[in-house]
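Numbering follows UniProt numbering, with no gaps: position 72 of the sequence shown is 72.
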Amino acid sequence: MQKKTMKDHALTYARNGFAIVPLKFGTKNRFLSKNGFNDATTDIEQIERWWTRYPDANIAVATGQKSGGLLVLDFDIKEDLGIYGYDYLRKFERQNGELPDTWMAISGTGGLHFWYRCNYKIDSATDLFERQSGVDIRADGGCIIAPPSRHPNGRLYTWDVASYDCNIANTDERVLKFVVDGMQYKKVHFENAESKRFYLPEIIYDGERDGTMFRFACSLLGRGVNEHEALLIMLQADKENCQPPLGERIVRNKLKSAIKTRTRKTRKGL
């Protein structure tokens, strides 16, 4: 049997209702379309053109409503930093029972991606439960790298549990509780953004950019960085981390909002 090409895999995702967009081979954030993640589509002709032009391109699947309600729980592993996102799921399941079996992919670093169908409107978010937890949600405004794409470290994304093993499961009460429990920290973290060191995500997708850059600005100001230096740092982060970049005007506005917020709190003695 002839080996399937990346185009074959891309078309399979699209035919199953997953909106996709190409990434440069071996990368996680270098989109090959003009508008990046926003160009994700299920249009077969467009996908044919993309993978004819870029036959080895990685596959990014848009999560959330663009793919019919796709929610991905992303458990990262960064051994050098002592980050093991899956530990949070183990702890949750000991107390609440196991999440339903569903499609599960393994990333190039050994992290796990649990794919679910979701009828709820949930925004993508990083670092659930606590700072540098390694637990992210990919939903509205986000995307996920799909097998058999190649990670920057040279390893492939692979399926551990795929469509031939089981159907993609619906988001049940346990999955929703896991998301809600994790998001409780995000509310506290946002409210205290100035006093805590903020760790900028490696990739900030559309839907996450505004809030993330505002919190980043609050963190910089809270650590004593002056306005001019903060702007330079934020512009560099926007260029390197945001997909697609917000642009200088919006970045300046985020910094201004952070300054106003900090000024109001100072006046109130907070």
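Glycine included, C-beta positions come from ideal geometry on N, C-alpha and C.
Helix or strand or just coil, what does DSSP make of residue 166? Start at 1 with the first residue of the sequence shown, and residue 166 comes out as number 166. In the structure shown, residue 166 sits in coil (DSSP, three-state: anything other than H, G, I, E or B).
Bridge partner(s) assigned by DSSP for residue 235: If you number the sequence shown from 1, residue 235 lands on position 235. DSSP lists no partner for residue 235.
With 16 as the cutoff for other CB atoms within 10 Å, does residue 21 come out buried or exposed? Numbered from 1 along the sequence shown, position 21 holds the residue referred to as residue 21. Result: buried.
Going by other Cβ atoms of all chains shown within 10 Å of its Cβ, with 16 needed for buried, is residue 147 buried or exposed? As a first step, residue 147 is located in the sequence shown; it is residue number 147 there, counting from the start. Buried is the call here.
Measure the Cβ-Cβ separation of residue 24 and residue 60 and say whether it is below 8 Å. In the sequence shown, the residue the question calls residue 24 occupies position 24. In the sequence shown, the residue the question calls residue 60 occupies position 60. No, they are not a contact pair.
Could you tell me if residue 88 is buried or exposed, where buried requires 16 or more neighbouring beta carbons within 10 angstroms of its beta carbon? In the sequence shown, residue 88 corresponds to position 88, counting from 1. By the 10 Å Cβ count, residue 88 comes out buried.
What would DSSP say about residue 91, mapped onto helix, strand or coil? Taking the first residue of the sequence shown as 1, we reach residue 91 at position 91. In the displayed model, residue 91 falls within a helix according to three-state DSSP.
Relative to the alpha-carbon of residue 116, which residue among 92, 144, 78 and 110 has its alpha-carbon at the smallest distance? Looking up residue 116 in the sequence shown gives position 116. It is 144.
Quick check on DSSP: helix, strand or coil for residue 9? As a first step, residue 9 is located in the sequence shown; it is residue number 9 there, counting from the start. Looking at residue 9 - three-state DSSP - the assignment turns out to be helix.
In the DSSP assignment, the beta strand (DSSP E) including residue 57 goes from what residue to what residue? Here residue 57 is taken as the residue at index 57 of the sequence shown, counted from 1. Counting along the chain, no beta strand (DSSP E) covers residue 57, and no H or E run does either.
Specify the secondary structure class of residue 251 as computed by DSSP and reduced to three states. Locating residue 251 in the sequence shown gives position 251, counting from the first residue. Helix at residue 251.
Roughly how far, in whole angstroms, is the beta-carbon of residue 40 from the beta-carbon of residue 66, given that I think they are within contact range, below 8 Å? Counting from 1 along the sequence shown, the entry for residue 40 is found at position 40. Counting from 1 along the sequence shown, the entry for residue 66 is found at position 66. The beta carbons of residue 40 and residue 66 sit about 6 Å from each other, so the pair counts as a contact at 8 Å.
Under a three-way DSSP split, which group does residue 80 fall into? Counting from one through the sequence shown, the residue named residue 80 turns up at place 80. Helix.
Check residue 228 in the structure and name its three-state DSSP category. For the purposes of this step, residue 228 is taken as the residue at position 228 of the sequence shown. Three-state DSSP puts residue 228 in a helix.
Given this structure, state the Cα-to-Cα distance separating residue 176 from residue 103, to the nearest angstrom. As a first step, residue 176 must be located in the sequence shown, where it is residue number 176. As a first step, residue 103 must be located in the sequence shown, where it is residue number 103. Rounded to whole angstroms, residue 176 to residue 103 spans 17 Å at the Cα level.
For the pair the region 208 to 228 and the region 168 to 182, tell me if three or more CB-CB distances fall below 8 Å. no
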